[in-house]
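Let me begin by presenting the structure, written as structure tokens, before commenting on it.
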Amino acid sequence: MHELSIAQGIVDVVEQEVKRHGLRNVAKIKLKIGELTTVVPEALDFCFSILVKDTELEGACLEIETVPIRGRCLGCKRTFDYKNQGFYFLCPYCGSEIKVISGRELYVQEIEGDEDD
Numbered sequence: 002m003h004e005l006s007i008a009q010g011i012v013d014v015v016e017q018e019v020k021r022h023g024l025r026n027v028a029k030i031k032l033k034i035g036e037l038t039t040v041v042p043e044a045l046d047f048c049f050s051i052l053v054k055d056t057e058l059e060g061a062c063l064e065i066e067t068v069p070i071r072g073r074c075l076g077c078k079r080t081f082d083y084k085n086q087g088f089y090f091l092c093p094y095c096g097s098e099i100k101v102i103s104g105r106e107l108y109v110q111e112i113e114g115d116e117d118d
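Going left to right, the sequence shown walks through residues 2 to 118 as my numbering numbers them.
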């Protein structure tokens, strides 16, 4: 379960940003997570809730935006969503190799909380 180490990384980043920006009462943490990361949102949420118990982040919820896998063909140059094609990273139009242009993301996009006065 790699979600535990990912959740710990999220907690570390959020704690740094909370200190840096003087935030308190963090309510929501918005994440962008690409499909290629194979992160299971429910497992990540579970791990996060365990890690923040009895901390200043307890009660904060994760809002996850899943980023689809998109590819650009190196042959015909078309860009497309890579759905239901298994793990054969070939262009569905011409069969050429592709470059993955999205779907690997994994980062904290936004932290919602109150600013210190």
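Glycine is no exception: its CB is placed at the ideal position from the N, C-alpha and C atoms.
The structure displayed is predicted, hence computed values, not measured ones.
Candidates Lys-33, Cys-77, Tyr-89, of which the one nearest Pro-69 by Cα: Stepping through the sequence shown from its first residue, residue 69 is reached at position 68. Minimum Cα distance to Pro-69 is reached at Lys-33.
Sequence-distant residues of the same chain with beta carbon closer than 6 Å to Glu-59, five excluded per side: By 1-based counting over the sequence shown, the position of residue 59 is 58. The residues are Val-53.
How would you write the range of the alpha helix (DSSP H) that Glu-43 sits in, first residue to last? As a first step, residue 43 must be located in the sequence shown, where it is residue number 42. Per DSSP, Glu-43 belongs to the alpha helix (DSSP H) from 42-52.
Backbone secondary structure at Lys-78 - three-state DSSP: In the sequence shown, counting from the first residue as 1, residue 78 sits at position 77. Three-state DSSP puts Lys-78 in coil, outside helix and strand.
Taking the alpha-carbon of Lys-100 as reference, which of Cys-77, Gly-114, Tyr-108, Glu-116 has the nearest alpha-carbon? As a working mapping, residue 100 is identified with position 99 in the sequence shown. Per the Cα distances, Cys-77.
Take Lys-29 and list the residues in its own chain whose beta-carbon comes closer than 6 Å to its own, dropping the five residues that flank it on each side. Position 28 of the sequence shown, counting from 1, holds the residue named residue 29. Result list for Lys-29: Cys-62, Glu-64, Glu-113, in chain order.
Presumed contact (8 Å Cβ cut-off) between Tyr-83 and Gly-72, rounded CB distance: What you label residue 83 is simply residue 82 of the sequence shown in a count that begins at 1. What you label residue 72 is simply residue 71 of the sequence shown in a count that begins at 1. Tyr-83 to Gly-72, Cβ: 5 Å. Contact.
Cβ-Cβ distance between Glu-111 and Leu-24 below 8 Å: Sequence index remark: in the sequence shown, residue 111 carries index 110 (1-based). Sequence index remark: in the sequence shown, residue 24 carries index 23 (1-based). No, these two residues do not count as a Cβ contact at 8 Å.
6 Å Cβ shell around Ser-103 - same chain, five flanking residues per side excluded: Translated into positions along the sequence shown, residue 103 becomes position 102. By the criterion of a C-beta distance shorter than 6 Å, Ser-103 is surrounded in its chain by Val-68, Arg-71, once the five residues flanking it on both sides are discounted.
Distance CB(Gly-10)-CB(Arg-105) smaller than 8 Å: As a working note, residue 10 is residue 9 in the sequence shown. As a working note, residue 105 is residue 104 in the sequence shown. Their beta carbons are not under 8 Å apart, which means Gly-10 does not touch Arg-105 by this criterion.
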